[in-house]
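Residue numbers (UniProt numbering): 1 to 113. The next block holds one structure in the form of structure tokens; read it before the comments.
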Amino acid sequence: MLKKQGIILSINDLGTGYSSLSYIKWFPIDTMKIYQSFTEKLINYKGDLLIVKDTITMSKTLNLEIIPEVVEHKKHVDFLKKQKCDIIQEFYLSKPLPVSELKKFGNVGTDFD
Numbered sequence: 001m002l003k004k005q006g007i008i009l010s011i012n013d014l015g016t017g018y019s020s021l022s023y024i025k026w027f028p029i030d031t032m033k034i035y036q037s038f039t040e041k042l043i044n045y046k047g048d049l050l051i052v053k054d055t056i057t058m059s060k061t062l063n064l065e066i067i068p069e070v071v072e073h074k075k076h077v078d079f080l081k082k083q084k085c086d087i088i089q090e091f092y093l094s095k096p097l098p099v100s101e102l103k104k105f106g107n108v109g110t111d112f113d
């Protein structure tokens, strides 16, 4: 019913607080966002690397979009590309921008007006 109305559901901050994987069974989840504490030390800490890698694999198997949060370094982007992660959130390309600056930053249309 939710998808028919065009509503997209996401599990935010996967791995923290109330962000349980059991929601995948209960709701028509479209997207999972990996919490920043897993992506911050992605390359330097094997545990975080394995958690992110396996979460991406699981999400792709379930046909879910995966979004790692707070990706700041090229080595993180390179790793995530290798894992076939299509989307990253925050800081690598730019800090968060107001709409007026966003239009200057990239090839952005007028949908933000």
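Just so it is clear, CB atoms sit at the ideal spot from N, CA and C, and this is done for glycine as well.
Handout entry: Three-way DSSP call (helix, strand, coil) for D78 in this model
Key = It is helical.
Handout entry: Cβ-based burial, V71 [other Cβ within 10 Å; buried from 16]
Key = Counting Cβ neighbours within 10 Å, V71 comes out buried, since at least 16 surround it.
Exercise for the section: Taking 7 Å as the cut-off, decide whether the C-beta atoms of S59 and I66 are in contact. Expected result: At a Cβ-Cβ threshold of 7 Å, S59 and I66 count as neighbours.
Practice task
Kindly identify the DSSP beta-bridge partner or partners of S10.
Solution key: For S10, which the question treats as bridged, DSSP gives the partners T31.
Exercise for the section: Can you say whether T61 is buried or exposed, counting buried as having 16 or more other CB atoms within 10 angstroms of its CB? Expected result: By the neighbour-count rule (16 or more Cβ atoms within 10 Å), T61 is not buried but exposed.
Practice task
Rounded to whole angstroms, what's the CA-CA distance from F79 to K25? Just pull it up for me.
Solution key: Roughly 29 Å between the two C-alpha positions.
Handout entry: Rounded C-alpha distance that separates L64 from Q5
Key = Going by the C-alpha atoms only, they are around 18 Å apart.
Problem - Local conformation of I51 per DSSP, three classes - result: Correct three-state label for I51: helix.
Practice task
Could you tell me if E69 is buried or exposed, where buried requires 16 or more neighbouring beta carbons within 10 angstroms of its beta carbon?
Solution key: Classification of E69: buried, given that the 10 Å Cβ count is 16 or more.
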